[in-house]
Amino acid sequence: MSASQTNATTITFFIVSPPEEKPVCGLTAALGWVGKMAALRDAEDERGSRSIKDKAKISLRKYDVGNKFSHLPLAKASVLMPLMVKDGKLYVLFTVRSMKLRRSPGEVCFPGGKSEPTDRDEIATALREAKEEVGLHPEQVEVICRLLPGIDKVGSLVTPVVGFIEDTFQARPNPDEVSDVFLVPLEYFIDPLKYMTVPYKRANGVASWLHSFVYDDPERKTSLRIWGLTAHFAVFLALVIFEKKPTFDIQYDLDNLISSSEKNFMEEYMSLYEGRSSKL
21 MSASQTNATT
31 ITFFIVSPPE
41 EKPVCGLTAA
51 LGWVGKMAAL
61 RDAEDERGSR
71 SIKDKAKISL
81 RKYDVGNKFS
91 HLPLAKASVL
101 MPLMVKDGKL
111 YVLFTVRSMK
121 LRRSPGEVCF
131 PGGKSEPTDR
141 DEIATALREA
151 KEEVGLHPEQ
161 VEVICRLLPG
171 IDKVGSLVTP
181 VVGFIEDTFQ
191 ARPNPDEVSD
201 VFLVPLEYFI
211 DPLKYMTVPY
221 KRANGVASWL
231 HSFVYDDPER
241 KTSLRIWGLT
251 AHFAVFLALV
261 IFEKKPTFDI
271 QYDLDNLISS
281 SEKNFMEEYM
291 SLYEGRSSKL
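Mapped onto the numbering used here, the consecutive letters of the sequence shown carry residue numbers 21 to 300.
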């Protein structure tokens, strides 16, 4: 076929103009900017909360005793130490015992109580008691660890279970057991405004002392005393997470917190048996 017989191909180009942009009024633009900034702040707050929580979890897991002391031949009890991140700070939740109770009415404590035969372990006891006392369901708690136990004034082995809860949690106190629920910044237990020691004797007669804090609750406009084993657990929790020397004396070597705290606990445990033997 010759060149003169070749059919010509015609290509047509269409120019498409972008849609006409409509001017955005100043108010709409401002609202959009405010919304974006709020979203950014929320995202930053969430990242900050995660960072605080993640760091605390790492520290706590290093001190998890598991069932190391579960074999000790003492009556068993557990408490839940509920942590939450609020306004960029760690808080711990406490309860005030009902005045209807025979034992320690009106005192500040953590949700908790005696172990029951149906409880699988110390964690199960703490979660069950928290649900009964303040309406905190097990699925609302992210359990992190069991810390070193303590021995209460009636000779029970009390295991503190640490878990995170959301800052949206709304407590529903059981009036037969709990008269109030409140939060305290965890850092208060290494840098308090009002602190003193309370002397006491161990079961074997050896002199010792207990921590005692007074916290002025800004929401309730009231002062709350946190002392004894509850304060002991709160101080140890703060030491583990913040890894700072407190503004008051403690019975631990901060450079060897695990070994020194376990040594103190075993001394307390042995004093219980020495005290019982001396009464026989």
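Every residue, glycine too, gets a C-beta built ideally from N, C-alpha and C. This structure is a prediction, so every number in the text was calculated from the model and none was measured.
Query	Result
Simplified DSSP state of A258, which is helix, strand or coil	helix
Which listed residue (M104, F256 and T217) has its alpha carbon closest to that of S190	It is Gln, not Ser, that sits at residue 190 in the sequence shown. Closest option to Q190, Cα to Cα, is M104.
Within 8 Å, strictly: CB atoms of V198 and V116	yes
Spatial distance of E294 from N87 (CA atoms)	24 Å
The beta strand (DSSP E) enclosing V234, as first and last residue numbers	A227 to D237
Whole-Å CB distance - G175 paired with A95, under 8 Å assumed	7 Å
Contact the region 225 to 244 vs the region 164 to 174: 3+ CB pairs below 8 Å	no
Check whether V234 and P193 have beta carbons under 8 Å apart	no
Close Cβ partners of L300 (< 7 Å) along its chain, the five nearest in sequence each way excluded	At L300, the pLDDT of 45 sits below 50, so the modelled position is not reliable and the matter cannot be decided from this model.
Segments assigned beta strand (DSSP E), at least 3 residues, entirely inside the region 104 to 161	109 to 117 and 132 to 134
Residues near G225 by beta carbon distance below 6 Å, same chain, minus five either side	none
Spatially closest choice to K82 from Y289, S279, M290 and M286, by CA coordinates	S279
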